[in-house]
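Contents: one structure, followed by commentary.
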Amino acid sequence: MRPRLTLAIGCLLAAVSLWPAARLGIRSDVEAMLPNGTPAAEAYRAFLGTFGGIERAYVTIRLPDGVPADPDRLADAAETLADALAASPEVARVRYALDASDEAFATAELAPRLPLLLGEHAPESVAAATTPGALAARVDALRDAAEGPAALFLSSIASADPLGLAEHGLRGLSPGSALPFDPVTGVLLSKDQRAVLIVVTPKRGEADAEGGRALSAALDAAYAAVRKEQGGDLVFDAIGGPLYAVHDEAALKDDLVRILTAAGVVVLLMIVVAFEGISIPAISIAAVAIGQLWCAALVALALGNVTAVGVGFAAILLGLGDDFTIHLGARFREIWASGQEPRTAMMQTVDETWPGISTAAFTTAMAFACLGLAHFRPLRELGLVVAVGVLLSLAATFWSAGPMLILVSRLWKRVRAPRWRGFGWFVTWGVRAGGGFPRASLAACALLTLASIVGVTRLSLDTDMRRLRPSDHPAARAEERLVKDFGIGLDTSTITVEGRDVDRALDRAAAVASIVRERYPDAEIVTPSDWLVQGDRLAARVAALRPLGLDAAAQRLSVALDGAGLNVHAFDPALDVLRGIADGKAPPPIAPAKWPDWIADGIREGPQGTAVAVRVRMPADAWPLGPPAALLDAIEKAAPGAKVANAKRLGAELRNVAVRDLERLGSLAIAVVLGLVAFSYRGNVAATALTFLPVVLGTAWTAGLWGALGLPLDLFSLCVLPVMVGIGVDDGLHVMHLARQRGEDLERAALDAGRGVVLTNLTTCAGFAALALSHVPALRNGGLLICTGNLLCLVATLVVLPAVARLKGSR
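The opening residue of the sequence shown carries number 1012 in this note's numbering; numbering runs sequentially from there.
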């Protein structure tokens, strides 16, 4: 009754919504994708939360193809790059070689403690090294080394290790056990000596896109410095850390623009063609835009940000929201063209279209709302956002589209109704096929359904979490080379072990590492507990070595060294450790301030205790489904509460979670939609069953087609399958409600409502099909899946309902 006032209020709310909507953020990090309440996911989340801040960036410098290997040139280039990056405020640490600090730590702290670092076999090794014959041979070797050309290089190592135990233990107790340091140049060279690796620890976390842009700028400046000194033919690659966040943010923002533009253009063109004019299409797009602004503002205020999957809500709402305005506008124009005054025509239009429009809106919203119970945050988020958005689009239809139609109709000329070019032919063909040949049509549908069963058996499930993030990262090839050349990114697990203090956490980590080493001798294990022996382990090892009489061995060695003309005082730190062990005294723990980065990165201290990382790198395909259950049980027994983060274990768990979600959410969606449809029909069972029949057939055909084509179901598409029930039922709802209101048979109602149904179905498909332009594989796959299912549900509606009605009438 007051179109101008009503429209002004709606536009004012949309204008106010612009401010919070513009601040809606996007998250693409792995943690945002993990489900809640599952062991593997919680372990991965604990790993990311505890040690995620040390996520490194890997920079490689590679010689161009055709140029001979030149390790010295690569070492110089790595040094120049590292010096340039070290000066950047965005970089915490840079490592490309075994440096002086590593050697100093090994000789000053690790080597003197070697008798305590050798593990269970320390008593045998130390006893063999302290026999008179072994001591004499060792002194001779030390004298020869001191007189040789490498005397300066060997002096610090030899003085720290007078018993020569480094061959037993120190070789594996260095950063070289985790990274491939070249023994000649000392840098991280590839196997073919054509690439060098620089490991950069950024100061900002991996989800910080702003930090990624700053780091990228620092890298560009460092590349320029290297090219200036070493030539411009070197090839640079950088991956990891916050660099991913930069690409993901740009890709997802590009997604929003591309998807919305494509969907908007296609939807607008279809409506223009159908209505043979611009006014109703413009009103439809405007109303949808208002509803989307309301929704984006509400989401920004409530959630603050959405995940990579959540960016699809804009295109989905564009495809769904225009359905309401199309039905409203089409019927309003028909009634207005019959001679009714605009306000009266609008009230009659609302009376006729409200049951179908509102029921379709609520069934669609409730189907999406069921995703709010999913274990995966992206799906929960998408479900709730779209559910709210659909209801807000329904409100915008009557709050803004209705007033706009009343105001614009005053400029129309009373001419014939639009002919719905193309859409009418499709409707007539489908309805005539079903109504004219009912038995043949139903038999064909039955055969198609049986054939679909074969395709369903070929369906596969891909649980790779990378499908939920942008896939076309420019550094994808660099990732492959990093795995091939340096072994970075192989099947690696991280076990997070916690304790009430550092000593307890290190003891538990050592116990876990011992279990894995015993069961898997080929595993490569890196943990700070190998270098830091403290607490109960230190006391136990001192007690095991004490009976060896190491004070006497130290005295014999001291005399022999003096007799050989060597400076005995240079060996005092190591000899003092031997004497202390003989007295039952352990050396003091190494102060945290002296820990190098390759130790400190694996330890986190907090108010609740200390966490220590045990990193396990297994041969390829050794754990196809992640660590075996028996190993997990043994780890839990040795270190209660330990969390094992493993990508394959997570994938296997996600598969089970996704299947359970499909069963649970699918059943819930069907029950809720069924209840809403039955309520709209006042409990009429026959009408409810007929409305659902096309949905059942369309869903079966879609699943069969997907399997026959060999297309996978991923975590996103598997869990949005229940949504197809809420969307696919809309076509039958409009036909059935029109038939009941007018008292017509289904064939006549399908012909009258069919053109609007086809148009709204196609615009909905346009919204979902536009997701095929996304950088996120899961959105592409899920969008095409729902688009295909929606079209097949439409075909089933136009063919099957008239066929069933004709057979029923013939009886």
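Where is the CB? At the ideal position from N, CA and C, for every residue including glycine.
What does the alpha-carbon distance come out to for the pair residue i and residue j?
i	j	result
Glu1090	Ala1206	13 Å
Leu1643	Val1268	46 Å
Val1707	Pro1723	21 Å
Phe1409	Asp1756	29 Å
Arg1865	Leu1782	Past the edges of the chain, shown from 1012 to 1822, lies residue 1865, and the structure says nothing about it.
Ala1274	His1338	19 Å
Glu1240	Ala1088	8 Å
Ala1764	Cys1798	21 Å
Ala1108	Ala1093	10 Å
Phe1727	Leu1390	7 Å
Arg1817	Glu1758	8 Å
Val1361	Gly1767	15 Å
Ile1592	Ala1564	12 Å
Ala1019	Met1281	28 Å
Ala1348	Asp1333	22 Å
Gly1830	Val1070	No answer is possible for residue 1830: it lies beyond the span of the chain, which begins at 1012 and ends at 1822.
Leu1165	Ala1171	Caution applies to Leu1165, whose pLDDT of 45 falls short of 50 and renders its modelled position unreliable; the model cannot decide the point.
His1266	Gly1620	His is not the amino acid found at residue 1266; the sequence shown has Asp there. In a straight line, the C-alpha of Asp1266 is about 43 Å away from that of Gly1620.
Gly1637	Leu1472	17 Å
Ala1051	Phe1387	13 Å
Ser1136	Leu1589	14 Å
Leu1796	Trp1717	8 Å
Leu1418	Cys1022	15 Å
Asn1792	Val1670	17 Å
Pro1138	Leu1559	Here residue 1138 is Ala; the residue named in the question, Pro, does not match the sequence. Computed Cα separation, rounded: 7 Å.
Please tell me whether residue i and residue j are closer than 8 Å, where the distance is taken between their beta carbons.
i	j	result
Gly1800	Phe1379	no
Arg1342	Glu1363	yes
Ile1526	Ile1614	no
Val1523	Ala1650	yes
Asp1594	Arg1548	no
Leu1035	Ala1307	yes
Gly1288	Leu1328	no
Ala1376	Leu1402	yes
Ser1463	Ala1761	no
Ala1719	Arg1443	no
Gly1739	Pro1705	yes
Ile1296	Gly1340	no
Leu1556	Pro1123	no
Glu1120	Ile1610	no
Val1317	Val1438	no
Val1278	Ala1777	yes
Just tell me which of the options has its CA closest to the CA of residue i.
i	options	result
Ala1326	Ala1816, Thr1774 and Lys1424	Thr1774
Gly1446	Pro1813, Leu1023 and Ala1068	Pro1813
Thr1049	Leu1661, Gly1595, Thr1771 and Arg1751	Leu1661
Ala1140	Thr1272, Leu1174 and Ala1133	Leu1174
Ala1585	Ala1117, Ser1411 and Ser1028	Ala1117
Pro1599	Arg1421, Gln1619, Gln1545 and Leu1559	Gln1545
Lys1659	Leu1029, Tyr1055, Val1027 and Asn1047	Tyr1055
Leu1835	Cys1804, Gly1576, Pro1126 and Ala1293	Since the first and last residues shown for the chain are 1012 and 1822, residue 1835 lies out of range.
Leu1085	Ala1095, Gly1077, Val1078 and Arg1073	Arg1073
Leu1153	Asp1203, Phe1582 and Ala1656	Phe1582
Per DSSP, which residues does residue i bridge with? Please list them.
i	result
Pro1046	Phe1387
Tyr1069	Val1210 and Ile1250
Gly1617	Gly1620
Arg1626	Thr1505 and Val1537
Ala1656	Thr1505
Leu1586	Answer by DSSP bridge pairing: none, since Leu1586 is not bridged.
Ala1108	Val1198
Leu1134	Residue identity check: residue 1134 is Pro in the sequence provided, not Leu. For Pro1134, which the question treats as bridged, DSSP gives no partner whatsoever.
Asn1316	Gly1036
Gly1510	Thr1621
Starting from the C-beta of residue i, find all residues in its chain whose C-beta is less than 6 Å away, skip the five residues before and the five after it, and write them out in chain order.
i	result
Arg1626	Thr1505 and Val1537
Leu1127	Val1544 and Arg1552
Ser1290	Val1419
Counting only the same chain and skipping the five closest in sequence on each side, list residues whose C-beta sits under 7 Å from that of residue i.
i	result
Arg1104	Thr1212 and Asp1608
Asp1475	Gly1662
Pro1366	Ser1691 and His1748
Ser1001	Since the first residue of the chain shown is 1012 and the last is 1822, residue 1001 is not available in this structure.
Among the residues of its own chain, which have a CB less than 8 Å from the CB of residue i, if the five just before and after it don't count?
i	result
Pro1733	Ala1378, Cys1381, Leu1382, Leu1673, Leu1676, Gly1677, Leu1679, Ala1680 and Ile1681
Comparing the CB of residue i with every heavy atom of the ligand HEM, is any distance shorter than 7 Å?
i	result
Ala1682	This structure lacks the ligand HEM, and indeed carries no ligand of any kind.
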